[in-house]
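Colleague: Can you keep this structure in mind? I'll have questions shortly.
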Amino acid sequence: MKSTRAFTILISLTLGVGQLTTGGAVAADPCGLPRGVLKASDLAARSAIECGAVGRFVDAGDGVPLQVQPPGSSITLDMLYPDGARTYSLTTDAEGKVTTGEQMVHDRFPDLPGPGPCERDTYTLRSYKWYRPWLFRTTKGTSLTNGSQADFDAAARRSVVNMTRGRNTCGMRGDTAAAGALVGHTAVRGNFVYADGQTTCGASDGHNVIDAGDLPGGFLEATLAWTCTWAETRHGVTQAVSADIRMNSADYKWTYDPTRDPACVPAQPPDQDRWRYDVESVLTHEMGHVYGLVNLSADEDLNLTMYPGVRRCTGHVRTLGRGDVLGMRALYGRR
Numbered sequence: 000m001k002s003t004r005a006f007t008i009l010i011s012l013t014l015g016v017g018q019l020t021t022g023g024a025v026a027a028d029p030c031g032l033p034r035g036v037l038k039a040s041d042l043a044a045r046s047a048i049e050c051g052a053v054g055r056f057v058d059a060g061d062g063v064p065l066q067v068q069p070p071g072s073s074i075t076l077d078m079l080y081p082d083g084a085r086t087y088s089l090t091t092d093a094e095g096k097v098t099t100g101e102q103m104v105h106d107r108f109p110d111l112p113g114p115g116p117c118e119r120d121t122y123t124l125r126s127y128k129w130y131r132p133w134l135f136r137t138t139k140g141t142s143l144t145n146g147s148q149a150d151f152d153a154a155a156r157r158s159v160v161n162m163t164r165g166r167n168t169c170g171m172r173g174d175t176a177a178a179g180a181l182v183g184h185t186a187v188r189g190n191f192v193y194a195d196g197q198t199t200c201g202a203s204d205g206h207n208v209i210d211a212g213d214l215p216g217g218f219l220e221a222t223l224a225w226t227c228t229w230a231e232t233r234h235g236v237t238q239a240v241s242a243d244i245r246m247n248s249a250d251y252k253w254t255y256d257p258t259r260d261p262a263c264v265p266a267q268p269p270d271q272d273r274w275r276y277d278v279e280s281v282l283t284h285e286m287g288h289v290y291g292l293v294n295l296s297a298d299e300d301l302n303l304t305m306y307p308g309v310r311r312c313t314g315h316v317r318t319l320g321r322g323d324v325l326g327m328r329a330l331y332g333r334r
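According to numbering that gives the first Met the number 0, the sequence shown is numbered sequentially starting from 0.
Dropping the structure here:
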């Protein structure tokens with residue numbers, strides 16, 4: 000109830016912006032848009048600028064609302080589940096035309112072990128990348144499993160190095176020109192908004208934050224993590240400008256070392272108290288999205304880091320596969 004109320008207040012405030020003239024009179028709506036969350040068809044072939052829709056929310060698919068970005072900007076929301084992923088995006092072009100997209104990858108893990116991570120060279124790229132280091136902070140008090148923020152920070156540091164340095168066991172040189180680092184703590188939380196059981200991203204605020212919180216859903220139904228990435232296109236070049244990650248601290252148990260955690264015992268039937276998900280593995284996958292890699296969809300790629308979903312009680316996706324390294328090279332080149 001409180002989440003719905005908070006989102007309703009946010010929508011009301013958003014709708015109020017730009018609707019009053021300096022004299023206090025209500026300005027005419029040039030496009031006659033409905034109130035509340037818009038459908039993509041409401042803005043079809045229309046300019047969000049001319050319709051005064053920048054800052055409004057549009058259903059990007061499955062009832063997930065994303066905020067209309069300023070011209071030349073986009074927002075991508077990645078939602079990782081234990082056994083799959085969903086991605087939603089919204090782009091506003093230079094003329095103010097809005098397009099949305101969605102991708103759902105799997106709702107289960109394949110039963111077969113599949114090819115090894117060094118046998119697959121699959122990768123898919125986003126339209127954006129970073130042209131400067133992704134410098135992020137963790138929210139004060141974020142610890143997930145044992146009350147230690149130092150352990151959480153260490154996992155975050157390792158995960159960004161895993162992706163930028165291309166750590167792998169394939170004998171490949173993984174160093175790329177991508178860069179990033181944890182630069183401290185902040186009182187600010189990630190820029191996420193709750194919306195009636197769904198989730199969305201706020202407006203880009205220039206902060207890069209990793210935090211933890213309660214995500215919608217329950218055990219085995221909730222997401223493990225969300226990532227929001229904002230990008231801008233200027234002079235034909237699309238660059239990421241900010242990104243936030245949130246880990247689910249309410250619905251799952253976590254570990255920093257699945258190989259030594261005595262509680263990390265796979266159990267059938269599902270036993271929430273005996274299942275653990277590896278913090279570094281999930282963060283490494285999410286870092287892939289931050290840097291511009293897309294979820295993979297073929298079952299044969301299930302041992303690559305960018306295959307969506309994370310098995311419990313394993314840290315195998317901390318180490319990149321051949322396709323993951325090649326994807327980062329394609330975006331950033333070799334160092």
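Even glycine gets a Cβ: it sits at the ideal position worked out from N, Cα and C.
Every value quoted in this text rests on a predicted model; they were computed, and no experiment measured them.
Determine the contact status of Asn302 and Gly83, defining contact as a CB-CB distance below 8 Å.
Modeller: For Asn302 and Gly83, no; Cβs fall outside 8 Å.
Colleague: Taking DSSP as the reference, what is the three-state secondary structure of Gln148?
Modeller: In the structure shown, Gln148 sits in a helix (DSSP, three-state: H, G or I).
Colleague: To the nearest angstrom, report how far apart Cys312 and Asp250 are at their CA atoms.
Modeller: Using only the alpha carbons, I get a separation of about 16 Å.
Colleague: Got a sec: is the Cβ-Cβ distance from Trp133 to anything in chain C below 8 Å?
Modeller: Protein chains in the displayed structure number just one, and chain C is not present.
Colleague: So the candidates are Arg164, Ala44, Arg333; which of them puts its Cα closest to the Cα of Thr91?
Modeller: Among Arg164, Ala44, Arg333, the Cα nearest to that of Thr91 is on Ala44.
Colleague: Is the Cβ-Cβ distance between Trp253 and Thr138 less than 8 Å?
Modeller: Cβ distance not < 8 Å, so Trp253 and Thr138 don't count as in contact.
Colleague: Buried or exposed: where does Val236 fall if 16 or more other Cβ atoms within 10 Å of its Cβ makes it buried?
Modeller: It is exposed - the Cβ of Val236 has fewer than 16 other Cβ atoms within 10 Å.
Colleague: Looking at the structure shown, is Met103 part of a helix, part of a strand, or coil, going by DSSP?
Modeller: Reduced to three states, the DSSP call for Met103 is strand.
Colleague: State the Cα-Cα distance for the pair Arg172 and Lys128, rounded to the nearest angstrom.
Modeller: Using only the alpha carbons, I get a separation of about 20 Å.
Colleague: Taking C-beta to C-beta, are Ala188 and Val208 nearer than 8 Å?
Modeller: Per the sequence shown, residue 188 should be read as Arg rather than Ala. Taking 8 Å as the Cβ cut-off, Arg188 and Val208 qualify as a contacting pair.
Colleague: Considering only residues of the same chain and omitting the five flanking positions on each side of Val240, which have a CB-CB separation below 7 Å?
Modeller: Ser203, Trp229, Ala230, Glu231, listed in sequence order.
Colleague: What is the DSSP secondary structure of Leu79, reduced to helix, strand or coil?
Modeller: Residue state, collapsed to three classes: strand.
Colleague: Report the CB separation of Leu76 from Leu223 in whole angstroms; it is logged as a contact under 8 Å.
Modeller: That belief does not hold up - the Cβ atoms of Leu76 and Leu223 are roughly 14 Å apart, past 8 Å.
Colleague: Based on Cα-Cα distance, which residue from Asp256, Ser46, Arg55, Pro29 lies nearest to Val36?
Modeller: Comparing Cα-Cα distances from Val36 to each of Asp256, Ser46, Arg55, Pro29, the minimum goes to Arg55.
Colleague: Could you have a look at His284 and say whether DSSP puts it in helix, strand or coil?
Modeller: Looking at His284 - three-state DSSP - the assignment turns out to be helix.
Colleague: Here's a check: name, in chain order, each residue in its chain whose Cβ is nearer than 6 Å to the Cβ of Asp213, leaving out the five neighbours to either side.
Modeller: Correct list, in chain order: Ala249.
Colleague: Classify Pro109 as buried or exposed, calling it buried when 16 or more other Cβ atoms lie within 10 Å of its own Cβ.
Modeller: Classification for Pro109: exposed.
Colleague: For Glu279, which residues of its own chain have a beta-carbon under 6 Å away from its beta-carbon, when the five flanking residues on both sides are left out?
Modeller: Within the same chain, Glu279 has close Cβ partners Ala154, Arg157, Ser158, Arg317.
Colleague: If you run the structure through DSSP and keep just helix, strand and coil, what is Ala155?
Modeller: Reduced to three states, the DSSP call for Ala155 is helix.
Colleague: Any idea if Ser147 is buried or exposed, counting beta-carbon neighbours within 10 angstroms, 16 or more meaning buried?
Modeller: Exposed.
Colleague: On a CA-only basis, which of Gly205, Lys38, Val104 is nearest Pro64? Give me that one, please.
Modeller: Taking only the C-alpha atoms, the option nearest Pro64 is Lys38.
Colleague: Three-state secondary structure (DSSP) at Ala44?
Modeller: Correct three-state label for Ala44: coil.
Colleague: What is the rounded straight-line gap between the Cα of Pro33 and the Cα of Val57?
Modeller: Approximately 11 Å, taken between the alpha carbons.
Colleague: Can you check DSSP and say which residues form a bridge with Asn161?
Modeller: Answer is none; Asn161 lacks a bridge partner.
Colleague: Starting from the C-beta of Ala178, find all residues in its chain whose C-beta is less than 7 Å away, skip the five residues before and the five after it, and write them out in chain order.
Modeller: Counting only Cβ-Cβ distances below 7 Å, and skipping sequence neighbours, we find Pro132, Thr163.
Colleague: Among Arg107, Tyr290, Ile74, which one has its Cα closest to the Cα of Phe135?
Modeller: Nearest of Arg107, Tyr290, Ile74 to Phe135, Cα basis: Tyr290.
Colleague: Assuming Ala149 contacts Val97 (C-beta within less than 8 Å), just tell me the rounded distance between them.
Modeller: Actually they do not touch by this definition, with Cβ atoms about 43 Å apart.
Colleague: Compare the C-alpha of Glu299 against each of Tyr122, Ala59, Asp41, Tyr87 and name the closest.
Modeller: It is Tyr122.
Colleague: Count the other C-beta atoms from every protein chain shown that fall within 10 angstroms of the C-beta of Arg49, then say buried if there are 16 or more, exposed otherwise.
Modeller: According to the sequence shown, residue 49 is Glu rather than Arg. So Glu49 counts as exposed.
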